[in-house]
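Position in the sequence shown (first residue = 1) + 836 = our numbering.
Cβ coordinates follow ideal geometry from the N, Cα and C atoms, glycine included.
Worksheet for the structure shown next.
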Amino acid sequence: MNVPQYIPVKTVCAHYQVEVTFIQRLGDMELIEIQTVDQLDCIHEDHLGHLERLIRLQQDLNLDPDSLDVILHLIQKVEDLQSELFRLQSRLQIYERG
837 MNVPQYIPVK TVCAHYQVEV TFIQRLGDME LIEIQTVDQL DCIHEDHLGH LERLIRLQQD
897 LNLDPDSLDV ILHLIQKVED LQSELFRLQS RLQIYERG
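In structure tokens form, the structure reads like this:
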């Protein structure tokens with residue numbers, strides 16, 4: 837059985853060279869999930885990929901956390917539209933073959 841691994845926020849901040857306040861703000865906005873483990877704010881290891889994506893967006897585009905929320909919403913819309921396009925293309929191929 838796998839035991840969930842939580843990484844202290846301070847460790848994450850040191851590794852990614854970001855401010856603790858940035859991570860806390862992401863948590864306040866519910867863009868990431870912060871858990872308290874042994875009286876330390878921590879992030880589950882499974883959520884690090886999502887956090888890395890947020891950090892890259894913030895650093896590459898120089899965005900504040902509020903803007904990250906908007907960007908994530910737009911990215912989700914694009915991904916939904918791509919899924920819909922793929923689904924419609926698949927349906928169209930059925931009619932083109934028949």
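With 16 other Cβ atoms within 10 Å as the buried cut-off, status of residue i
i: Leu-890; result: buried
i: Leu-904; result: buried
i: Val-848; result: buried
i: Ile-879; result: buried
i: Ile-859; result: buried
i: Ile-870; result: buried
i: Ile-930; result: exposed
i: Leu-862; result: buried
Best match in the options for proximity to residue i [C-alpha to C-alpha]
i: Gln-895; options: Tyr-852, Leu-917, Gln-925 and Glu-915; result: Tyr-852
i: His-886; options: Leu-928, Glu-866 and Leu-897; result: Glu-866
Close Cβ partners of residue i (< 7 angstroms) along its chain, the five nearest in sequence each way excluded
i: Ile-843; result: Cys-878, Ile-879 and Glu-881
i: Leu-899; result: Leu-893 and Ile-907
i: Leu-876; result: Pro-844
I'd like the ranges of any beta strand (DSSP E) spanning at least 3 consecutive residues and lying wholly in the stretch 869-928.
Listed in chain order, the complete beta strand (DSSP E) runs (minimum 3 residues) inside the stretch 869-928 are 871-873 and 876-880.
Unbroken stretches of the beta strand (DSSP E), 3 residues or longer, contained in the stretch 839-868:
Counting only unbroken stretches of 3 or more residues, the beta strand (DSSP E) elements lying wholly within the stretch 839-868 are 842-844, in sequence order.
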